[in-house]
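Novice: One structure, as structure tokens, below. Some questions next.
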Amino acid sequence: MDREDKFLKITVIVAVVVWLALIAYGRGMPLPKGLSLEGEPRAVSEIEFLADFTYQRDGQPVREQAIFKRMCRIIDEAERFVLLDLFLFNSVRGQGEKFPALADELARRLMEKRQRSPQVDLVLITDAINRSYGDEEPERFRRLRAGGVRIIYTDTSRLRDSNFIYSAWWRLFCQWLGTKGEGWLPSPFAPDGPAMTMRGYLSLFNFKANHRKVVASEKEALITSANPHDASAHHSNIAFVARGAVVQDVVATEAAVAELSGEALPRWEIPVRPESGGIQLRLLSEGKIKSRLLAALARCETGCSVRMAMFYLSDREVIDALLAAAARGAEIRLLLDPNKDAFGRKKNGIPNRPVAHELDEKSQGRISVRWYGTHGEQFHSKLTIISLPGQTTIIGGSANLTRRNLDDLNLETCLEVTAQADSQVAQESEWYFERLWQNRGGSYSLDFQEFAEESPFKYGLYRFQEWSGMGTF
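Read in order, the letters of the sequence shown are residues 135 to 607 in my numbering.
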């Protein structure tokens, strides 16, 4: 072997060793302080449950929307601060029908709030997706910043690697390039999306996100699955509005996101009076969402029921827990998005269709699945209702039930609500699910066979993407 061949061999070996070391580092790096929170149980006497619906009645689309209005009301009524952490806050609309201008309306509300109440702090935490993973701030955000709204872009490089095979390569060769420059490549999100740089694309492929959807003031906090994003305006979603000490927990988790991004939130005074009640709230973020969900599923047996309304279901531990609960005699019903639509583009049904087939087959039909009948929009809800004798536990918020959303990779916020089975929040959430499942007052859901699909190829692709992170779910 001559000297050049030996040098090349050594170089390749060193590069592979460094790459493998970066994979290990990216998967196991310490989480920044304040993430993966399991909040203290907070007793309250009431909590609001909200839902947005898009469905068909007599062949015509019907839309019932409450979440965005409630979001704006929190802004209008705030007296000390408004804190928003929003994943999608833009006007990218995709192809097809016209959409309400949610992003412009929310920006207008914030500017009006600044003019009416200049003493109120306005802070927006968001994801780099809203500036197309570059350094060029969108015009809407420039106006907000000039008007006195503080904007914090989440530094997701501090988070563990989801697409770890790629991200190790990115850390080695691309991270140091930065993201500056004028966009010249078409947007991957929609034809009308802003152009992106090559470095923006390279950053995008890490598939990391601050996926939270939270709006808080000193009075209350909204935890939701909904984005103030024009092309998401017709999606079906859920939300909770909570008051009391859980608002302090929300602000603490957002302070952690600001800190990992090199910023610090003001120390706002949040008045909380001692409260008792039959409802227990617990704020959950990142991996603690999964641990609490698995613990609740482990208690399910004969006489218990599990109802899920879910955009994505793919996490292997959750799937195993559902199968185990079904084997113990629990009634399990899953209402899933068919994963066929994404902002004017068609999807291939992954992950929900192969997962639904697996659950139906392995449970021998004990797990019931229905599909939400979408018509271009998405069934974007993330809600689990677990009913034990006399008690109901509800978990809902931003997190899909995927590895990326549940394994301390993305930033996520959910609320766990535990209440008596006859409480208002338990009955409202159950009414919500049954309305969709049984098609009360309209056409919401479809039989399992409508999108049942047995495809070994798609199942194998789903398993690889779920394991590797080389997918968008």
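Virtual Cβ for every residue (Gly too), placed ideally from N, Cα, C. Please read all numbers here as calculations on a predicted model, not as lab measurements.
Please report how far the alpha carbon of G412 lies from the alpha carbon of N539, in whole angstroms.
Specialist: 30 Å
Novice: Is D136 helix, strand or coil by DSSP?
Specialist: In the structure shown, D136 falls within a coil segment according to DSSP collapsed to helix, strand and coil.
Novice: Rounded to whole angstroms, what's the CA-CA distance from S410 to E180? Just pull it up for me.
Specialist: C-alpha of S410 to C-alpha of E180: approximately 10 Å in a straight line.
Novice: Expressed to the nearest angstrom, what Euclidean distance is found between the alpha-carbon atoms of N482 and A379?
Specialist: 43 Å
Novice: Going by C-alpha distance, which of E393, F567, F591, A560 is nearest H491?
Specialist: F591
Novice: Out of V348, M332, S439, A398, point me to the one whose CA is closest to I286's CA.
Specialist: The residue from V348, M332, S439, A398 with its alpha-carbon nearest to that of I286 is A398.
Novice: Run through the DSSP bridge pairs and tell me what V406 is partnered with.
Specialist: According to DSSP, V406 bridges with nothing at all.
Novice: Put G524 into one of helix, strand or coil per three-state DSSP.
Specialist: In the structure shown, G524 sits in coil (DSSP, three-state: anything other than H, G, I, E or B).
Novice: One question on the structure: do I529 and L417 come within less than 7 Å of each other, judged by their Cβ atoms?
Specialist: no
Novice: Between which two residues does the beta strand (DSSP E) harbouring D261 extend?
Specialist: First-last for D261: undefined, no H or E at that position.
Novice: How far does the alpha helix (DSSP H) with Q561 in it reach, from first residue to last?
Specialist: 558-571
Novice: Extract the residue ranges of the beta strand (DSSP E) inside the stretch 400-469, only unbroken runs of 3 or more that lie entirely within it.
Specialist: For the stretch 400-469, whole beta strand (DSSP E) runs of length 3 or above, ordered along the chain, are 413-419, 439-444.
Novice: Return helix, strand or coil for D182, following the three-state DSSP convention.
Specialist: With the sequence shown as reference, residue 182 is identified as Glu, and Asp is not the correct amino acid for it. In the structure shown, E182 sits in a strand (DSSP, three-state: E or B).
Novice: Any idea if E213 is buried or exposed, counting beta-carbon neighbours within 10 angstroms, 16 or more meaning buried?
Specialist: exposed
Novice: Can you tell me which of the three DSSP states G312 falls into?
Specialist: coil
Novice: Quick one: grab the DSSP three-state call for N539.
Specialist: helix
Novice: What's the call for I520, buried or exposed, on a 16-neighbour Cβ count within 10 Å?
Specialist: buried
Novice: Measuring CA to CA, which of H514, G575, Q561, L570 is closest to I201?
Specialist: H514
Novice: Roughly how many angstroms lie between the CA atoms of G437 and A459, to the nearest whole one?
Specialist: 11 Å
Novice: Among Q583, D295, D186, P195, which residue has its Cα nearest to the Cα of R487?
Specialist: Q583
Novice: What distance in whole Å lies between the Cβ atoms of I404 and Q382, which are believed to be in contact at a cut-off of 8 Å?
Specialist: 5 Å
Novice: Does the pairing of the stretch 342-357 with the stretch 216-223 give three or more beta-carbon distances under 8 Å?
Specialist: Put simply, the stretch 342-357 touches the stretch 216-223. At least three CB pairs are less than 8 Å apart.
Novice: If we ignore side chains and look at the alpha-carbon of each, how far apart do P164 and G603 end up?
Specialist: 19 Å
Novice: Is DSSP giving Y578 helix, strand or coil here?
Specialist: Secondary structure at Y578: coil, using DSSP grouped into helix, strand and coil.
Novice: Which value, in whole angstroms, describes the spacing of the CA atoms of R276 and G282?
Specialist: 10 Å
Novice: Can you tell which of D255, T526, V489, D475 has the C-alpha that lies nearest to the C-alpha of L595?
Specialist: V489
Novice: Can you give me the C-alpha to C-alpha distance between L136 and A149, rounded to a whole angstrom?
Specialist: In the sequence as presented, Leu is not what sits at residue 136; that position holds Asp. Computed Cα separation, rounded: 20 Å.
Novice: Between D238 and D364, what straight-line distance do the alpha-carbon atoms span, to the nearest angstrom?
Specialist: 9 Å
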